[in-house]
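Chains as they are written, first to last, in our numbering: chain A, 1 to 150; chain B, 151 to 274. Notes to accompany the following structure.
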Amino acid sequence: MDETQLKAFVGIVQNYFDKITGNPAEVGTPFLGEPGDLPIHDFTGVIGISGNQRGCVYFSAPALMLREILLRAGETDLSDGNLADITGEIANTIAGNARREFGSEFLISVPVVVRGSGQHITMPKDVKAYVIPLRWRKIAASLVVSVGKA
Amino acid sequence: MKKLMIADDSNIVRSKIARALGQHGLHIVGLAANGREALELFKSARPEVVTMDLTMPEMDGIECIRKIRALDPRVRILVVSALSDKATAIQALKEGAQGFLDKPFTEAELSDAIGELLEDSNHG
């Protein structure tokens, strides 16, 4: 993945928070993640990538952030089911929007949501994983992009 | 009052669309979490307007649009999807959708998109 493609993901994340909550997220400098030490928060939405690229994209956030996003979006049901739902939807939207950069052969799976910060997400072994740190209303979350040419 | 069906695998998105489109005088007759469920609901409830996600389990939105259009060529379909590349939008329109709204969207954008869809339907 090159710098332009990484920047595309940064722009997509900023646009998502701005549009859904009215407050843009502060996105930190992306860095190369260590395979065994990637950030995992309370809820993680994982999207598998196939087609002209392969790998995965995941969005991981603490429950506190997800509750705030739901409230901003006018949702009153703040159950764990809805926290998982919004996590999967954010991951799906970010990965889907990346087709503008990667083209229509960038195929995305339906989201799989993993609950619990002690979980481990299995990543492709031979594709670098970039961590895009973000903060929204002083709450930290992460987007992890591990995508390479098929 | 036109009948509306909402198909999206996210409960949050279904709720958001339902809230926003209640103001358009649409009567919600079905909420579907995947394409197969949407097709079954369509057969029983016969909505005149459908909002359709594309990335869904069981049956994706494109296949569902094709099957729904085969059952009723007059139905108005607004695709609401994160797959925001031009090729996908063109494919959805070719399969029989009349509008395409990118996710993420604001309620105002959704209102505008459905307003255009209904206006075209009134003039058509």
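Ideal Cβ placement from N, Cα and C applies to all residues, glycine included.
Under a Cβ-count criterion, where at least 16 other Cβ atoms within 10 Å of its own Cβ denotes burial, should I218 of chain B be classed as buried or exposed? buried
At least one CB of chain B closer than 8 Å to the CB of A73 of chain A: is that the case? Flagged as an interface residue toward chain B: A73 of chain A, by a C-beta distance shorter than 8 Å.
Where does M151 of chain B land, buried or exposed, given buried means 16+ other C-beta within 10 angstroms? Exposed is the call here.
Can you say whether K166 of chain B is buried or exposed, counting buried as having 16 or more other CB atoms within 10 angstroms of its CB? buried
Taking G45 of chain A as the reference, which of A:D85, A:M123, A:P133, A:R135 has the closest Cα? Among A:D85, A:M123, A:P133, A:R135, the Cα nearest to that of G45 of chain A belongs to A:D85.
Is the Cβ of S231 of chain B closer than 8 Å to any Cβ of chain E? Absent from the structure: chain E. Protein chains present are A and B.
What is the DSSP secondary structure of K244 of chain B, counted as helix, strand or coil? In the structure shown, K244 of chain B falls within a helical segment according to DSSP collapsed to helix, strand and coil.
Counting along the chain, where does the alpha helix (DSSP H) carrying A98 of chain A start and finish? Looking at the DSSP string, A98 of chain A is not in any alpha helix (DSSP H), and its letter there is neither H nor E.
Using the C-alpha atoms, what's the distance from A168 of chain B back to L70 of chain A? 15 Å
Assess, as a yes-or-no matter, whether the segment 6-19 of chain A is touched by the segment 111-126 of chain A under the definition of 3 or more beta carbon pairs within less than 8 Å. Result no; under three Cβ-Cβ pairs closer than 8 Å.
Mind checking whether the beta-carbon of A237 of chain B lies closer than 7 Å to any heavy atom of the ligand FMN? Looking at this structure, you won't find the ligand FMN or any other ligand, since it has none at all.
Buried or exposed for N52 of chain A, going by 16 or more other Cβ atoms inside 10 Å? exposed
Given that a residue counts as buried once 16 or more other Cβ atoms are within 10 Å of its Cβ, and exposed if not, what is T87 of chain A? buried
Helix, strand or coil: which one does DSSP assign to V114 of chain A? strand
Please name the residue, chosen from B:I212, B:D203, B:N161, that lies closest to D80 of chain A on a Cα-to-Cα basis. Selected option, being the one with the closest Cα: B:N161.
According to DSSP, what are the bridge partners of H174 of chain B? According to DSSP, which records beta bridges pairwise, H174 of chain B is partnered with nothing at all.
Unbroken beta strand (DSSP E) run spanning S60 of chain A, endpoints: 53-61
Out of A:N23, A:I20, A:C56, point me to the one whose CA is closest to D126 of chain A's CA. A:C56
Could you tell me the distance, in whole angstroms, from the CA atom of L287 of chain B to the CA atom of G246 of chain B? Because residue 287 of chain B is not part of the residues shown, which for chain B are 151 to 274, the question remains open.
What span of residues does the beta strand (DSSP E) with R196 of chain B cover, start to end? Where R196 of chain B is concerned, there is no enclosing beta strand (DSSP E), given that its DSSP letter is neither H nor E.
With 16 as the cutoff for other CB atoms within 10 Å, does T93 of chain A come out buried or exposed? buried
Is the CB of R186 of chain B under 8 Å away from at least one CB in chain A? no
If we require 4 or more residues per run, which alpha helix (DSSP H) segments fall completely within the segment 1-76 of chain A? 3-21, 63-72
Can you tell me whether DSSP reads F151 of chain A as helix, strand or coil? Nothing in the structure corresponds to residue 151 of chain A, since chain A is present only between 1 and 150.
From G175 of chain B to M202 of chain B, what does the alpha carbon distance come to, in whole angstroms? 19 Å
Apply the 10 Å Cβ neighbour rule to T76 of chain A and answer buried if 16 or more other Cβ atoms are within range, or exposed otherwise. exposed
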